[in-house]
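Engineer:
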Amino acid sequence: MARQSNGFGAIAAACEQGNDDISNTRNLSCLLCFRRTSDTFISEVIRNGMAVEWPQGMGVIDVSFKNLLLEITQKLSIHVPKYGLTVDSSGQLTAYVDVEVQRGGSVAETIRSWGSSGCVAGPSEEEAARNCINTLRDELGFGGRDTNFEDAKFYKSLYDHLCEQYNALMAKYNTLKWDYKFLKECYNKTTDDRDRVSAEHSEIQQHLERIFAIMNPVDMVVDAPQEGAASQDGTAATSREESAPQEGPAPQEAA
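Residue numbers (full-length UniProt numbering): 1 to 255.
#1: Give me, in chain order, the residues of the same chain whose beta-carbon lies closer than 7 Å to that of Val-87; leave out the 5 immediate sequence neighbours on both sides.
#2: What's the C-alpha gap between Gly-115 and Asn-148?
#3: So, helix, strand or coil for Gln-74, using DSSP?
#4: I'd like to know if the segment 65–77 and the segment 133–144 are in contact, where contact means that at least 3 CB-CB pairs between them fall below 8 Å.
#5: So Val-97 packs on Ala-128, CB below 8 Å; how close in whole Å?
#6: Out of Asp-193, Ile-214, Leu-85, state which residue places its alpha-carbon closest to the alpha-carbon of Asn-124.
#7: Report the three-state DSSP secondary structure of Ser-124 (helix, strand or coil).
#8: Using C-beta distances below 7 Å, list every residue in its chain close to Ser-113, excluding the 5 sequence neighbours before and after it, in chain order.
#9: His-79: which of Glu-100, Phe-65, Ser-89, Leu-208 sits nearest, CA to CA?
#10: Using 8 Å as the threshold, is the C-beta distance between Leu-140 and Leu-76 below it?
#11: Report buried or exposed for Glu-200, applying the criterion of at least 16 other Cβ atoms within 10 angstroms of its Cβ.
#12: May I ask you to report which of helix, strand or coil DSSP gives Ser-117?
#13: To the nearest angstrom, how far is it from the Cα of Ser-198 to the Cα of Gln-165?
#14: By the DSSP assignment, the alpha helix (DSSP H) with Val-99 in it spans what residues?
#15: Between which two residues does the beta strand (DSSP E) harbouring Val-87 extend?
#16: Leaving aside the five residues before and after Ala-108 along the sequence, list all residues of the same chain whose C-beta is less than 6 Å from its C-beta, in chain order.
#17: List the residues that DSSP assigns as beta-bridge partners of Thr-191.
#18: For Pro-217, does the count of other Cβ atoms within 10 angstroms reach 16, so buried, or fall short, so exposed?
#19: Note down the Cα distance separating Thr-191 from Phe-154, rounded to an integer number of angstroms.
The following block contains the structure:
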């Protein structure tokens with residue numbers, strides 16, 4: 001029975017650990033879903049520019065390429081970008097941005113990028129900043145690291161590792177479950193055998209008591225002679241006969 005209790009404890013511990021691993025797997029699945037959504041967002045930013053439309057009517061998110069260009073120039077130790085506006089004959093505004101890039105020594109080159117024409121200067125400046133970022137990337141050969149993608153790969157590998165552990169744990173759980181079922185069947189069979197033997201023993205005991213009652217009634221008492229006592233009585237009688245004197249014929253009286 002002690003071994004069976006230990007088996008139950010191991011199964012319970014395996015179940016608890018399996019439940020914890022299942023909860024962690026679900027959390028990682030939600031996180032990976034969020035990472036995929038972030039990757040979709042970044043690709044939409046690169047494709048559409050300033051605004052990204054999320055699916056299922058989640059609204060529009062504006063991205064500031066001006067701030068991104070300022071951060072890139074600070075990382076590359078380049079002068080702060082300078083923005084300007086031009087007005088054409090129809091009154092449309094066109095923005096541009098100038099960025100000075102060192103070409104070796106004291107020689108500097110100004111890279112100008114233009115935006116789209118419009119009635120408002122803001123969207124045109126954002127378009128010019130986005131074009132400038134693409135130009136600087138081609139000119140200077142710098143790369144941008146996608147943090148979301150790197151994190152997604154890390155969590156994907158972690159998810160795969162947890163899936164392998166979960167499968168191994170489920171295999172152990174199934175083995176323990178089969179062992180538990182087998183031990184339970186053996187225990188039930190042993191219990192049935194014990195009950196059957198106990199019942200047979202009780203029945204045999206009752207038969208023996210009935211037979212003893214038939215052979216030895218309560219109102220009949222029989223004293224069986226002891227062999228040792230009988231032999232001693234016979235020996236004593238024989239010795240008394242041998243030791244008694246023999247009497248002769250009685251004397252006749254005188255007339």
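A virtual CB, placed ideally from N, CA and C, is assigned to each residue, including glycine.
All values reported here derive from a predicted model rather than from experimental measurement.
Structural biologist: In terms of the structure at hand:
#1: For the purposes of this step, residue 87 is identified with residue 87 of the sequence shown, where counting begins at 1. Cβ neighbours of Val-87 beyond the five flanking positions: Leu-93.
#2: Translated into positions along the sequence shown, residue 115 becomes position 115. Translated into positions along the sequence shown, residue 148 becomes position 148. In this structure, the alpha-carbon of Gly-115 lies about 29 Å from that of Asn-148.
#3: For the purposes of this step, residue 74 is identified with residue 74 of the sequence shown, where counting begins at 1. Helix, per DSSP.
#4: The segment 65–77, when compared against the segment 133–144, does touch it at the 8 Å Cβ threshold.
#5: The residue you call residue 97 lines up with position 97 of the sequence shown. The residue you call residue 128 lines up with position 128 of the sequence shown. Right, their Cβ atoms sit about 5 Å apart.
#6: Along the sequence shown, read from residue 1 onward, the residue named residue 124 stands at position 124. With the sequence shown as reference, residue 124 is identified as Ser, and Asn is not the correct amino acid for it. Relative to the Cα of Ser-124, the nearest Cα in the group Asp-193, Ile-214, Leu-85 belongs to Leu-85.
#7: Locating residue 124 in the sequence shown gives position 124, where the first residue counts as 1. Looking at Ser-124 - three-state DSSP - the assignment turns out to be helix.
#8: Within the sequence shown, numbered from 1, the residue matching residue 113 stands at position 113. Hits under 7 Å: Tyr-96, Val-97, Ala-128, Asn-131, Cys-132, Thr-135.
#9: Against the sequence shown, residue 79 aligns to sequence position 79. Looking only at Glu-100, Phe-65, Ser-89, Leu-208, the smallest Cα-Cα distance to His-79 is reached by Glu-100.
#10: Position 140 of the sequence shown holds residue 140. Position 76 of the sequence shown holds residue 76. Their beta carbons are under 8 Å apart, which means Leu-140 touches Leu-76 by this criterion.
#11: Position 200 of the sequence shown holds residue 200. It counts as exposed.
#12: To locate residue 117, count along the sequence shown from 1; it is residue 117. DSSP places Ser-117 in strand when its eight states are reduced to three.
#13: The residue labelled residue 198 in the question sits at position 198 within the sequence shown. The residue labelled residue 165 in the question sits at position 165 within the sequence shown. Between Ser-198 and Gln-165, the C-alpha separation is close to 48 Å.
#14: The residue labelled residue 99 in the question sits at position 99 within the sequence shown. Segment 93–102 is the beta strand (DSSP E) holding Val-99; no alpha helix (DSSP H) there.
#15: Locating residue 87 in the sequence shown gives position 87, where the first residue counts as 1. Looking at the DSSP string, the run of the beta strand (DSSP E) that includes Val-87 is 82–87.
#16: As a first step, residue 108 must be located in the sequence shown, where it is residue number 108. If we look at Ala-108 and ignore the five residues flanking it on each side, its Cβ neighbours are Glu-100, Gln-102.
#17: As a first step, residue 191 must be located in the sequence shown, where it is residue number 191. Per DSSP, none; premise fails for Thr-191.
#18: Residue mapping note: residue 217 aligns to position 217 of the sequence shown, counting from 1. By the C-beta density criterion, Pro-217 is exposed, having fewer than 16 other C-beta atoms within 10 angstroms.
#19: Residue 191 sits at position 191 when you count from the first residue of the sequence shown. Residue 154 sits at position 154 when you count from the first residue of the sequence shown. Looking at the two C-alpha atoms, the distance is approximately 54 Å.
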